[in-house]
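2 protein chains.
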Amino acid sequence: MTTETLLIDSALRNWKLNIDRTDKFFTPLSEQQLVEEIAPGKNRLIYLWGHLTAVNDALLPLLGLGERLHPELDAMFVTNPDRSVATISGVALKRLWDEINGTLWTKFSALSGSDWLKKHSSVSEEDFAREPHRNRFTILLGRTSHIAYHFGQAKLAERR
Amino acid sequence: MTTETLLIDSALRNWKLNIDRTDKFFTPLSEQQLVEEIAPGKNRLIYLWGHLTAVNDALLPLLGLGERLHPELDAMFVTNPDRSVATISGVALKRLWDEINGTLWTKFSALSGSDWLKKHSSVSEEDFAREPHRNRFTILLGRTSHIAYHFGQAKLAERR
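First to last, the sequence lines map onto chains A and B. Going by the working numbering, the first residue of the first sequence is number 1, and it counts up by one from there. Going by the working numbering, the first residue of the second sequence is number 161, and it counts up by one from there.
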């Protein structure tokens, strides 16, 4: 593998590791456990899981990899606070989570180093010319941190 | 910048962003606020901050960049659970946090793409030959996720 390929391999492994540990945490939870709060007065587990699912789904257009698969998740888990609108069940969410992450993984795996360095869709050509770090790879790393951020919160709900 | 340089630039920016937002969160807190728990029965804020400081310090030998600056932090924030041993003050911790992160940043900034792909110090030559992803870059990305993980937890202590 070239230097470039190895650097991307590390980033994809870190993405996958965060997806997998998050999946392993949420998947075995019952519907009852999923509506528990991570801490008193804080978001419920289902909200964190749905939030990660919706934000990952939004990576498809942001990275120029296709249309969103489930934009309907935003009203439940992004634009409205927890408990303000009805959400889908954990079983239904797990199906979408798997579908979205599977699609992302297939598309991620096909990108070369120069593909990863192309601009993302929320930056203009002019701004990108001045700020070449506003590329897809930076988004991938940022969204990996985003998963870890909320996974850390979800883990607080354990052993209560 | 070359493809390789741009990929590393993205990773360093993501590291720095996570250090900076964590710093901005903890630095203004009073000693009294720092000994508050992030959620009832969970670790105190000072413990999370000290834990991140100690784990970042351990990156120096792990990445082959030098000796640890403050190995004494481990007994307070890594090997023993919170509240089992006395810890240093927030003011003292902030000084070490800045020293360690400043040192890491200087050393990180001097590494090339091929430097980042060298093995880290906890993997043998034989294992590394089979598993070239066990390199410094993978460690950098993993430790960035580690910061985000605990920063997400610390943020739960806000607005209580």
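By construction, the Cβ of each residue, glycine as well, lies at the ideal position given by its N, Cα and C atoms.
Range covered by the alpha helix (DSSP H) that runs through residue i
i: residue 67 (chain A); result: Careful: residue 67 (chain A) lies outside any alpha helix (DSSP H) and carries neither H nor E.
i: residue 211 (chain B); result: 205 to 217
i: residue 262 (chain B); result: 250 to 269
i: residue 83 (chain A); result: Neither: residue 83 (chain A) is in no alpha helix (DSSP H) and is coded neither H nor E.
i: residue 19 (chain A); result: 3 to 26
i: residue 310 (chain B); result: 296 to 315
Buried versus exposed call for residue i [16 or more other C-beta atoms within 10 Å across all chains shown]
i: residue 122 (chain A); result: exposed
i: residue 243 (chain B); result: exposed
i: residue 102 (chain A); result: exposed
i: residue 135 (chain A); result: buried
i: residue 87 (chain A); result: buried
i: residue 162 (chain B); result: exposed
i: residue 289 (chain B); result: exposed
i: residue 305 (chain B); result: buried
Proximal residues of chain B, C-beta to C-beta of residue i below 7 Å
i: residue 153 (chain A); result: 312, 313, 316
i: residue 145 (chain A); result: 174, 178, 304, 305, 308
i: residue 109 (chain A); result: By Cβ distance, chain B contributes nothing, its closest Cβ being about 15 Å from residue 109 (chain A), past 7 Å.
Nearest neighbour of residue i, chosen from the options [CA to CA]
i: residue 149 (chain A); options: B:227, B:264, B:182; result: B:182
i: residue 169 (chain B); options: B:191, B:253, B:272, B:189; result: B:272
i: residue 218 (chain B); options: B:249, B:300, B:193, B:164; result: B:300
i: residue 64 (chain A); options: A:156, A:153, A:137; result: A:137
i: residue 151 (chain A); options: A:5, A:118, A:53; result: A:53
i: residue 77 (chain A); options: A:143, A:26, A:93; result: A:93
i: residue 245 (chain B); options: B:267, B:206, B:220, B:215; result: B:206
i: residue 12 (chain A); options: A:42, A:80, A:104; result: A:104
i: residue 41 (chain A); options: A:7, A:81, A:145; result: A:81
i: residue 307 (chain B); options: B:203, B:165, B:211, B:194; result: B:211
i: residue 215 (chain B); options: B:194, B:257, B:180; result: B:257
Neighbour list for residue i in chain B, Cβ cutoff strictly below 9 Å
i: residue 22 (chain A); result: Going along chain B, no residue has its Cβ under 9 Å from residue 22 (chain A), so there is no contact; the nearest lies around 11 Å.
i: residue 132 (chain A); result: 161, 166, 169
i: residue 26 (chain A); result: Those within 9 Å of residue 26 (chain A) in chain B number zero; the least Cβ separation is about 15 Å.
Partner residues on chain A for residue i, Cβ-Cβ distance less than 8 Å
i: residue 199 (chain B); result: 38, 39, 40, 42, 156
Chain A residues whose Cβ lies nearer than 9 Å to that of residue i
i: residue 274 (chain B); result: 3
Cross-chain neighbours of residue i in chain A, by beta carbon under 7 Å
i: residue 297 (chain B); result: 7, 10
Contact list for residue i against chain B, beta-carbon separation under 8 Å
i: residue 117 (chain A); result: 163, 166, 167
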